[in-house]
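Engineer:
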Amino acid sequence: ITIVRPDKKVVWVLMPSEKMYMEMPMTGQSGGMMGRPTRGKMYIQKPKTQMKHLGTETVGGYVCDKYEFEEEAQGNQPPKKHYIWISKKLKMPIKMAAADGSFSMEYQDIKMGGVDDSLFEVPPGYQKMVMPFGMPSRR
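The opening residue of the sequence shown carries number 9 in this note's numbering; numbering runs sequentially from there.
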């Protein structure tokens, strides 16, 4: 479970089976395209590259605009092409995938309605995990 809190500039990754979590500072790249819902709306961080509209497709029962965009090149790696499906009804991305098949993510079982603010906090009883050697820390 990943909780992205742009308001606190932090990302928490929860491991429910261990009752532990990792905490990472939120940088310009952290959090990907989506952040914490705020008063019923989801903030969407647009990619730095231009998105090309490819048409519409239905994903999970929602009519979506499908877009293609390229991730910026990382070091010697060439730019990677990605697809994103943005629900017309929900006005938010519900599916993302790499064109080469190396990554995909899709929201399922979407339920409309309010949620308790406590869902955007680390649950009580979770222990903060010490970052393994070589992993980024808060410093």
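Ideal Cβ placement from N, Cα and C applies to all residues, glycine included.
Specify whether the segment 106–114 and the segment 80–92 touch according to this definition: at least 3 beta carbon pairs, one from each stretch, less than 8 Å apart.
Structural biologist: Short answer: they touch.
Engineer: Starting from the C-beta of residue 32, find all residues in its chain whose C-beta is less than 6 Å away, skip the five residues before and the five after it, and write them out in chain order.
Structural biologist: What you label residue 32 is simply residue 24 of the sequence shown in a count that begins at 1. Excluding residues within five positions, the ones whose Cβ falls inside 6 Å are 19.
Engineer: Could you give the distance in angstroms between the alpha-carbon of residue 29 and the alpha-carbon of residue 127?
Structural biologist: Counting from one through the sequence shown, the residue named residue 29 turns up at place 21. Counting from one through the sequence shown, the residue named residue 127 turns up at place 119. Computed Cα separation, rounded: 14 Å.
Engineer: Measure the CB-CB distance between residue 9 and residue 24 and report whether it falls below 8 Å.
Structural biologist: Taking the sequence shown and counting its residues from 1, the one referred to as residue 9 is at position 1. Taking the sequence shown and counting its residues from 1, the one referred to as residue 24 is at position 16. Cβ atoms of residue 9 and residue 24: closer than 8 Å.
Engineer: Name the one or two DSSP bridge partners that residue 71 has.
Structural biologist: Residue mapping note: residue 71 aligns to position 63 of the sequence shown, counting from 1. Paired residue(s): 66.
Engineer: How would you write the range of the beta strand (DSSP E) that residue 29 sits in, first residue to last?
Structural biologist: Along the sequence shown, read from residue 1 onward, the residue named residue 29 stands at position 21. Counting along the chain, the beta strand (DSSP E) containing residue 29 begins and ends at 28–33.
Engineer: For residue 49, does the count of other Cβ atoms within 10 angstroms reach 16, so buried, or fall short, so exposed?
Structural biologist: Numbered from 1 along the sequence shown, position 41 holds the residue referred to as residue 49. Low confidence applies here, because residue 49 scores a pLDDT of 43, under 50, leaving its location unreliable; read the following figure in that light. Exposed, by the Cβ-count rule.
Engineer: Taking the beta strand (DSSP E) that residue 22 belongs to, which residues open and close that run?
Structural biologist: As a first step, residue 22 must be located in the sequence shown, where it is residue number 14. 18–23 is the extent of the beta strand (DSSP E) around residue 22.
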